[in-house]
Amino acid sequence: MNVQRVSAIFEKDTKDFMKNTMLLMMPVVPIFLALLYKQMSGGEAFPTFLLYLVVGINLSTVTTAGMMTMMAEENEKKTLRGLIQSPASIVDILVGKSLVVGLMSLITLIVSLFIMGIEPLLNLKSILAIIFLFFFFLFLGIGIGLFSKSVAATSAYIMPVMLLFGFTPMFELLGISEDSIVIKFADTFPVMQAIELTDGNSWLPLGIIAIWVLGAGLFMYVCFKKTMTDD
Amino acid sequence: MENSIEVVEIQKTFQQQTAIEDVSFQVKKGEIFGLLGPSGSGKTTTIKMLTGELGQTVGKIKVLGMESDQIGSAEFKAKIGILSDNSSLYERLTIYDNLKLFCRLYNAPMRRIDAILRDVNLHGEKSKTVSKLSKGMKQRVLLAKALIHEPELVFLDEPTSALDPGNAAHIHQGLRRLNEAGTTIFITTHNMEEASALCDRVTFLNHGKIVELDRPGELQYKYSTHAFHVETFDGEQLVINNTPDQAERIKELIATNQMKAIHTDEPTLGQVFLKVTGEELV
Ligand SMILES: Nc1ncnc2c1ncn2[C@@H]1O[C@H](COP(=O)(O)OP(=O)(O)O)[C@@H](O)[C@H]1O
Ligand SMILES: [Mg+2]
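Residue numbers (numbering that gives the first Met the number 0), protein chains in the order written: chain U, 0 to 230; chain L, 0 to 281.
This is the structure in structure tokens:
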């Protein structure tokens, strides 16, 4: 990894992000939802799961979808080839882009959580959980982005990611029985484990989230190997 | 003389299809070398192997003294410039921001941006957004991108194929200047006029095989019939062989004031290609 090249990519992608209406729309969704919940709550404090619902939506729309879209566009417009022909390595490129997505996610997260009341999440456990979740969603975005050949194709991939991993806390609201297999399974998902971590006394959920991060990292690595060996 | 590129008996196979077969050639340092052939003959595949984007199935490649294991390394990439067949720019960014990115990726000094923009005649437009540029201007920005780090060897894959003659001439001018300054140029094209005007040496590629390799003038001479086409003031068309026994005849035509015009019958490079391969260059 080369710091100058990473910062060159970061600078380019930040400028490009600011001029891309599609990317600029992404942070609007979670912020709008936060405002909506705030309006509906009538000033009462939010339960943890609602805060994490906004975190999940945040990370799936800004982090995963943002990363996927940026990578898919480089593939579609053939600009990635120009980067690869330069001395920049694929790691330089991915790290530079991740920093842009990371910055945008952080801003969106802070804004939407401030609207709802950030206090319940201002503790070491919750902050660690959010950092782990960020990497989980980032790795998913990079993995899918590596094989996405067009921006249009990414919209098909983002739906399952959002529904499964971003909106998981919504399952609680669907009125499905607590003992059903679906809910039991969904409870092991990263955002649910983050709620568990914040509300409970055990550190175990952080370990489970870490396993999810490793899984996403492995998925990213497999996608990377696959794209690199395509002749 | 030192060679910038040495290719020995390379072959490239995609799944079942053989795209390049038994190709060997050398490119001398400081020359403009043309790889000529119709669409699908393997020009792009050859460039991709030379720049490390593709590995060869069989054979040896040496570029700037580096062998296959180093071709494609960051050190290698810093020494070469590439204008690919489907290169593109960041459409939402300005010309300047596009070049700034590559300037930093190649670790070239920032003042190179203004210098190279002047070379490709775009200095006045550097704050224009790329999406608003014409095809010819985009191609010039891409050329600037390929040259921003002053590479000693550049690969150009059909750099003028989508351009009108005016824009193409502009690029040719720039390439000649670049070559005079010492840069080795490897160019592919299916435009034979471009090749005759620009290249020191050319090689013909047909169905992945090399069918000729020489100076354009030599190839034209080789495939001419070595005869003169003469037109007299009486309107007569004569074909006179370029042999000692015909010297008197030509002398007489001139002496008796009958010679209106005399031409050698060298074929154009395109006609040579047609003769060698029996195929049109499109
Ligand atoms: N990635 C690939 N997979 C399979 N076949 C390929 C691939 N790239 C090129 N080819 C084939 O190799 C041949 C040469 O292609 P190419 O080098 O692009 O020709 P040119 O640049 O001269 O038009 C063509 O028949 C093409 O279909
Ligand atoms: Mg080609």
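For glycine and all other residues, C-beta sits at the position ideal for the given N, C-alpha and C.
Owing to the predicted nature of the structure, the values given are computational and were not obtained by experimental measurement.
query, result
"Starting from L:E8, follow the beta strand (DSSP E) in both directions and report where the run begins and ends.", "2-13"
"Residues of chain L with a CB under 8 Å from the CB of U:P26: which are they?", "The premise fails here: U:P26 is roughly 18 Å from chain L at the closest Cβ pair, so nothing lies under 8 Å."
"Tell me whether U:Y220 is buried or exposed, calling it buried when 16 or more other Cβ atoms sit within 10 Å of its Cβ.", "exposed"
"If you run the structure through DSSP and keep just helix, strand and coil, what is L:H171?", "helix"
"Flag L:Q10 as yes when its Cβ comes closer than 7 Å to any non-hydrogen atom of ligand 1, and as no otherwise.", "no"
"By the criterion of Cβ-Cβ separation under 8 Å, what are the contact partners of U:T78 in chain L?", "S87, L88, Y89"
"Can you find the residues in the same chain that come closer than 8 Å, C-beta to C-beta, to U:P101, ignoring five residues on each side of it along the sequence?", "For clarity, residue 101 of chain U is Gly in the given sequence; the question names Pro instead. For U:G101, where only same-chain residues beyond five positions count, the Cβ hits under 8 Å are T62, F133, L137."
"How about L:F101: is its C-beta nearer than 8 Å to some C-beta of chain U?", "yes"
"So, L:L142 versus L:I112, is the Cβ gap smaller than 8 Å?", "no"
"Compile a chain-ordered list of the residues in the stretch 75-108 of chain U whose CB is closer than 9 Å to at least one CB of chain L.", "K76, K77, T78, R80, G81, L82, I83, Q84, S85, P86, A87, S88, D91"
"Could you give the distance in angstroms between the alpha-carbon of U:G81 and the alpha-carbon of L:V238?", "54 Å"
"Say whether chain L places a C-beta atom closer than 8 Å to the C-beta of U:A7.", "yes"
"Under 8 Å between the Cβ atoms of L:I4 and L:I186?", "no"
"Can you pull the chain U neighbours of L:K42, defined as C-beta to C-beta under 7 Å?", "By Cβ distance, chain U contributes nothing, its closest Cβ being about 17 Å from L:K42, past 7 Å."
"Can you confirm whether L:I60, when its beta carbon is compared against all beta carbons of chain C, has any partner nearer than 8 Å?", "The chain inventory of the structure shown lacks chain C, comprising the protein chains U and L."
"So U:A193 and U:P204 are supposed to be a Cβ contact under 8 Å. How far apart are they, rounded?", "7 Å"
"When the cut-off is 8 Å and only beta carbons count, does L:I81 lie next to chain U?", "yes"
"Are U:V110 and U:I30 touching if we call contact CB-CB under 8 Å?", "yes"
"If you measure between the beta carbons of L:L268 and L:P215, is that distance less than 8 Å?", "yes"
"Hey, how far is the Cα of L:T188 from the Cα of U:V28?", "50 Å"
"Sorry if obvious, but does the Cβ on L:Q15 come closer than 7 Å to a heavy atom of ligand 1?", "no"
"With 7 Å as the C-beta to C-beta threshold (strictly closer), list the residues of the stretch 11-23 of chain U near chain L in chain order.", "K11, K14, D15, K18, N19"
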